[in-house]
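Input: a single structure, listed below in structure tokens.
In the working numbering, the protein residues as written are 527 to 990.
Dropping the structure here:
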């Protein structure tokens, strides 16, 4: 049997590579958490073979594919990684890992990458004890996919395959909850192989039997021979990167999959997101989410100043600001840079922009009497709509729109208010805006509080 070289990287002791940290898993039980990432491929279809540059270090939305695996799997409790590389690309991975010493990584060298990814899996056998996650360095997953997949068993199957080419994707046939056949062009089939597995060490027995009789072994052959179980995780974003076209498409698909969704109002769902998701791919990796927030804030201030001198142009720029206001979140989710501070900063600056824009517009009208009262009520209502849901989140730790979808049926969210303001500015009758906005916002607050009140018992019980 051929010798496999194992290198011990920062944070992993040479005489303790079989010792793993015990942590609580999703069900509260203690378990060993480790992951194997296969990265010994030659990248021929991406034109990387000559330089031996690994696919796993290519960037999508500003993050290396491998770093995405390390971040997402670490968030789910994985504390030890086994990275299978080849002799030619090993130096690139060593340089990369030196920048991220917080991750405990063992480098396992596959001296014969031409023997296939199944052979790479077999090479990892000495560095693994107990159940482990297995994935490929050139695959891309959204966070929601990983959260569900790590709680599965065996091959993670997608029956829908929304984000992959069904012709190119590896198909799987399932019987009695186990893999019976796997391969491209398979007919009939039950779903697609996502390239994500949760395996037991027994998989190495099936791998060894094939290694002894074949020169080239694919992971699919091992999976089929072992008849591993199947867990379905369908409809979420995942893809693999094999060609330059895949790389470009992956960035766009990742941005599209990073749309917030639950908290979006009608205008965001039907208009703003269609525009922002075309802008974000060009900015992701070039600017940070907080920088995008600041740029959107400055544009909002500019729209307020412009509205004071030219109402229609100011309203148009305000609507453009509303479109760009979604870019920071899309970048944050796509680039795995989402933070609580970023959300706080965005929320606070949005309140400033809304208050300043409406104040400038009201000052331009030189209001008195009823118009002044309506203007002040509109300003108050605009603040209170956002405050009500933010205060709910602070009290219960949950997004109100996520657990009460009925809130979407009553207009008044920020994107809807801005679009309404934009229309009144274009109409040349901004004085009519303030009574309408005052009525709309306070009714929205009343409706929201009514929903909360009716569900108060359930909410209190859920809080314990």
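Note that the Cβ used here is the ideal one computed from N, Cα and C, for glycine as well.
Handout entry: Local conformation of residue 817 per DSSP, three classes
Key = Sequence index remark: in the chain shown, residue 817 carries index 291 (1-based). DSSP places residue 817 in helix when its eight states are reduced to three.
**Study point:** Of the listed residues 567, 792, 924, nearest to residue 745 (C-alpha basis)
**Key:** Position 219 of the chain shown, counted from the start, is the residue given in the question as residue 745. When only C-alpha atoms are compared, the closest one is 567.
Checklist line | DSSP three-state assignment for residue 740, whether helix, strand or coil | finding: On the chain shown, residue 740 is found 214 positions in, with the first residue counted as 1. Residue 740: coil per DSSP, three-state reduction.
Check whether the Cβ atoms of residue 725 and residue 680 sit closer than 9 Å, and answer yes or no. The residue given as residue 725 occupies position 199 in the chain shown. The residue given as residue 680 occupies position 154 in the chain shown. Yes, the pair counts as a contact, with Cβ atoms nearer than the cut-off.
| task | Please classify residue 686: does DSSP put it in a helix, a strand, or coil? | result | One-based indexing of the chain shown puts residue 686 at position 160. If DSSP states are grouped into helix, strand and coil, residue 686 belongs with coil.
DSSP on residue 697, reduced to helix/strand/coil?
If you number the chain shown from 1, residue 697 lands on position 171. The answer is strand: DSSP assigns residue 697 an E or B state.
(message) In this structure, how does DSSP classify residue 803 when only helix, strand and coil are distinguished?
(response) Translated into the one-based positions of the chain shown, residue 803 becomes position 277. Looking at residue 803 - three-state DSSP - the assignment turns out to be helix.
Inter-residue CB distance, residue 592 and residue 659 (contact presumed, cutoff 8 Å) = As a working note, residue 592 is residue 66 in the chain shown. As a working note, residue 659 is residue 133 in the chain shown. With 8 Å as the limit, residue 592 and residue 659 do not qualify as a contact, their Cβ atoms being about 14 Å apart.
- Can you grab the Cα-Cα spacing for the pair residue 687 / residue 759, in whole Å? In the chain shown, residue 687 corresponds to position 161, counting from 1. In the chain shown, residue 759 corresponds to position 233, counting from 1. Cα to Cα, the separation comes out at about 10 Å.
Around the C-beta of residue 665, are 16 or more other C-beta atoms found within 10 angstroms, so that it is buried, or is it exposed?
Walking along the chain shown from the start, residue 665 turns up at place 139. So residue 665 counts as buried.
Using DSSP with H/G/I as helix, E/B as strand and the rest coil, what is residue 910? The residue you call residue 910 lines up with position 384 of the chain shown. Correct three-state label for residue 910: helix.
Quiz item: Just checking my contact of residue 793 with residue 945 at CB under 8 Å: how many whole Å lie between their CB atoms?
Solution: On the chain shown, position 267 is the one that residue 793 refers to. On the chain shown, position 419 is the one that residue 945 refers to. The pair is a contact, with the Cβ atoms about 4 Å apart (cut-off 8 Å).
Check the C-beta distance from residue 905 over to residue 881 and give it rounded, since I have them as a contact under 8 Å. Taking the first residue of the chain shown as position 1, residue 905 is located at position 379. Taking the first residue of the chain shown as position 1, residue 881 is located at position 355. Contact flag correct, Cβ pair sits at about 6 Å.
Per DSSP, the bridge partner or partners of residue 758
In the chain shown, residue 758 corresponds to position 232, counting from 1. Answer is 683.
Look up residue 858 in the DSSP assignment and say whether it is helix, strand or coil. By 1-based counting over the chain shown, the position of residue 858 is 332. Looking at residue 858 - three-state DSSP - the assignment turns out to be helix.
How far does the beta strand (DSSP E) with residue 561 in it reach, from first residue to last?
-> Translated into positions along the chain shown, residue 561 becomes position 35. From DSSP, the beta strand (DSSP E) with residue 561 extends over 560 to 564.
Cβ neighbour criterion (16 or more within 10 Å) applied to residue 836: Position 310 of the chain shown holds residue 836. Burial call: exposed.
Of the residues 753, 671, 875, 751, which one's Cα is nearest the Cα of residue 825?
-> Mapped onto the chain shown, residue 825 falls at position 299. Per the Cα distances, 875.
Would residue 991 be called buried (16 or more neighbouring beta carbons within 10 Å of its own) or exposed?
Only positions 527 to 990 of the chain appear in this structure, which leaves residue 991 out of reach.
Note to self: Quick check: what's the CA-CA separation for residue 812 versus residue 986?
What the structure shows: Numbered from its first residue, the chain shown carries residue 812 at position 286. Numbered from its first residue, the chain shown carries residue 986 at position 460. Answer to the nearest angstrom: the Cα atoms are 44 Å apart.
**Q.** Member of 988, 633, 774 whose CA lies at the smallest distance from the CA of residue 618
**A.** Stepping through the chain shown from its first residue, residue 618 is reached at position 92. Among 988, 633, 774, the Cα nearest to that of residue 618 belongs to 633.
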